[in-house]
Amino acid sequence: MLSFRGAGDEACCFSRRTQVDVFVPPVVSVGGHPQASAGLEAAAKEHLHYMSPRANSVSLFYLVGLFDLWDGILTLAISAGGTYAIAKFLRGSPYMPWIGFFFVMGHMSVSHIQRQITNTPDVVDITGAQMVLIMKLSAFCWNVADGQLPTDQLSELQQNRALKELPPLVDYTAYVLFFPSLFAGPAFDYAEYRRWIDTSMFDVPAQVDPAKKPPVRKKRKIPRSGTPATKKALTGLVWIGLFVGLSGKFSHTHVTDESFTERSFLHRVFLIHMASQVTRFKFYGVWALTEGACILAGLGYNGIDPATGKVSWNRLQNVDPWTVETAQNPRAYLAGWNMNTNNWLRNYIYLRVTPRGKKPGFRASMTTFVTSAFWHGFYPGYYLSFMLASLIQTSAKNFRRHVRPFFLDPITGNPTPKKKYYDFATYLVTQLTFSFTTLPFLVLGFKDSFRAWSHVYFYAFVWTTASLAFFASPGKSLLKKKLESRQGKASARLKRSTSSESLSGVEPILGMKDPEDDIAEAVSEFRAEIAALQKRKTR
């Protein structure tokens, strides 16, 4: 029997699968292309009333007819039905979005625990689809809540996604079961889905020259998407082909064996790096195929350039392989990976925890981190990777603030001739560090993770903690003085570049911000609460 949990369950890194896992998502995605095309014709040529039943019937055909996922249907129905009921009957409560969030998170946690206990990777389950669905459903609750508020209390994005009325149940079900992205994502908000159905998404702005409007077929507002969808599908198949061809040679399955230590240290590091990279190929392929299906449906449409008339189809892009594979710092690496999960964590967790008018602080970043961790599941390897990645973020921030400026002109900020050596070093360190960091995501178990790390002498952990120790020592002050002296002003404040600013940025990637800043923020918040409490007592 085929094994499948979906690619959506790997927001930060990767998880252990049998090799046959890779075949189901592509089959699902390729199967989604005809369904998506049929959906286009239905939306354009028929009454909208027929669109949702058609979409529901296709999804049910695959779930039941192809995969025999009766239990999976029940699982999705419980999450979706419960969320709809919460949104309907508690719509006036300010706690409604959080009640909906804890409901779907709790339900998914039960599924995670059940799968972890049974530990049967050769059995088809619905966990991956449920992980994608939790993003859609929790966002749905917030969108409904935003629809009850005045617009001056909402951000531009919140106004755009707000739902003033609950959608009809049949349309809501079609949104939940939208097949091209059901198993592996990408997730999207109901407002986007509705604008796709009624084709208002494709309204061309008035400032666009009519001569530059994209070509459409007769009686259709949706620009022709066959070419970009085909390119994306072919790209996905190439990634899948690379995975199939290389996974037998570069696999994580042997890194815990004692025989692995018979190779030289550099050879072991190389094999671990390649195992991580080849695993990424699988997800590049799956996400490219699902994105291609969404593009063919038209849901990937992201506007038109008024100057050139060129259509953008990256609305639902979930991964940027080039950004990941060429990243020179952790933030760039993570920002290019599972981008829709990043957006969900930012828009519906991080910013929602923070009261209106206040700056996100320790509570927001910690809540986001915990949510991201629980969303993945409860294997110890997930948490080992998350904790180390958080330390890596802090280390990288210090390097870019206090070391990188030495390779930039102090006046113009332009790269010096030696900057290319710094770039190569940071690229190499970033890639090797994340190959080490993601290893527990592959082997999952606590003992196996430590055994695998020990086989390469904990190299990334060693240089990460060493750098943190250095920047916690007087060495950091020494670097600051040298930089100030280099600028010719002993009291000058260091000017941050755009890239270094982004590393300490306001919004964390995948819930992982900066432990150093988080501790400072926690202390500050604690002191503020103590002061407020004392003030109330003196009244």
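Yeah, the sequence shown ends on 553 if you go by the numbering used here, and it's all consecutive.
We put the CB at the ideal spot given by N, CA and C, even for glycine.
Let me know if residue i comes out buried or exposed under the rule of 16 or more other beta-carbons within 10 Å of its beta-carbon.
i: Lys-263; result: exposed
i: Lys-246; result: buried
i: Ala-50; result: Per-residue confidence for Ala-50 stands at a pLDDT of 47, beneath the threshold of 50, marking its modelled position as unreliable; no derived number is given.
i: Ala-506; result: For Ala-506, the pLDDT reaches just 44, beneath the cut-off of 50, and the residue's location in the model is therefore unreliable, leaving the point undetermined.
i: Ala-321; result: exposed
i: Val-384; result: exposed
i: Val-338; result: buried
i: Tyr-435; result: exposed
i: Thr-267; result: exposed
i: Val-78; result: exposed
i: Glu-276; result: exposed
i: Leu-486; result: The amino acid at residue 486 is misidentified as Leu; the sequence shows Ala. Exposed, since its Cβ has fewer than 16 Cβ neighbours within 10 Å.
i: His-281; result: exposed
i: Glu-305; result: buried
i: Pro-194; result: buried
i: Phe-425; result: Note on residue identity: the sequence assigns Ile, not Phe, to residue 425. Exposed, by the Cβ-count rule.
i: Pro-111; result: buried
i: Phe-75; result: exposed
i: Tyr-347; result: buried
i: Lys-324; result: exposed
i: Asp-160; result: buried
i: Ile-127; result: exposed
i: Leu-492; result: exposed
i: Gln-172; result: buried
i: Pro-164; result: exposed
i: Arg-500; result: exposed
i: Ser-409; result: buried
i: Ser-468; result: exposed
i: Asp-203; result: buried
i: Lys-178; result: exposed
i: Pro-369; result: exposed
i: Phe-154; result: buried
Where DSSP assigns a beta bridge to residue i, which residues make up the other side?
i: Val-325; result: Ile-318
i: Leu-104; result: None, per the DSSP bridge assignment.
i: Pro-369; result: Paired residues: none, contrary to the question.
i: Pro-429; result: Leu-422
Under the assumption that residue i contacts residue j (Cβ atoms under 8 Å), give the Cβ distance between them as a whole number of angstroms.
i: Ser-214; j: Leu-310; result: Incorrect: roughly 19 Å between the Cβ atoms, too far for contact.
i: Asp-185; j: Ser-66; result: 5 Å
i: Ser-261; j: Thr-452; result: Contact doesn't hold; Cβ gap of about 15 Å is too wide.
i: Arg-294; j: Tyr-315; result: That belief does not hold up - the Cβ atoms of Arg-294 and Tyr-315 are roughly 27 Å apart, past 8 Å.
i: Gly-199; j: Asn-356; result: Contact flag wrong, Cβ pair sits at about 12 Å.
i: Phe-216; j: Pro-242; result: Between Pro-242 and Phe-216 the Cβ distance is about 15 Å, and since that is not below 8 Å, they are no contact.
i: Met-149; j: Ala-201; result: 4 Å
i: Leu-396; j: Ala-387; result: For clarity, residue 396 is Tyr in the given sequence; the question names Leu instead. Confirmed, Cβ separation roughly 6 Å.
i: Gly-299; j: Gly-350; result: Not really, about 16 Å apart at Cβ, beyond 8 Å.
i: Pro-344; j: Ala-307; result: With 8 Å as the limit, Pro-344 and Ala-307 do not qualify as a contact, their Cβ atoms being about 31 Å apart.
i: Gly-106; j: Ile-140; result: Their Cβ separation, rounded to whole angstroms, is 32 Å, which puts Gly-106 and Ile-140 out of contact at 8 Å.
i: Leu-359; j: Trp-210; result: The pair is not a contact, with the Cβ atoms about 24 Å apart (cut-off 8 Å).
i: Thr-270; j: Arg-68; result: Contact flag wrong, Cβ pair sits at about 48 Å.
i: Thr-97; j: Val-118; result: 6 Å
i: Gly-114; j: Ile-100; result: 5 Å
i: Leu-405; j: Thr-478; result: 5 Å
i: Gly-142; j: Phe-192; result: That pair is no contact at about 15 Å.
For residue i, does the three-state DSSP call read helix, strand or coil?
i: Leu-168; result: coil
i: Pro-394; result: helix
i: Leu-422; result: strand
i: Pro-200; result: coil
i: Pro-181; result: coil
i: Pro-67; result: helix
i: Ile-309; result: helix
i: Gly-350; result: coil
i: Val-470; result: coil
i: Ala-341; result: coil
i: Gly-489; result: helix
i: Leu-88; result: helix
i: Ser-278; result: coil
i: Pro-111; result: helix
i: Leu-405; result: helix
i: Ala-205; result: helix
i: Ser-265; result: coil
i: Thr-213; result: coil
i: Val-417; result: coil
i: Asn-332; result: coil
Tell me, please, whether the CB atom of residue i is closer than 9 Å to any CB atom in chain B?
i: Tyr-204; result: The structure shown contains no chain B; it holds only a single protein chain.
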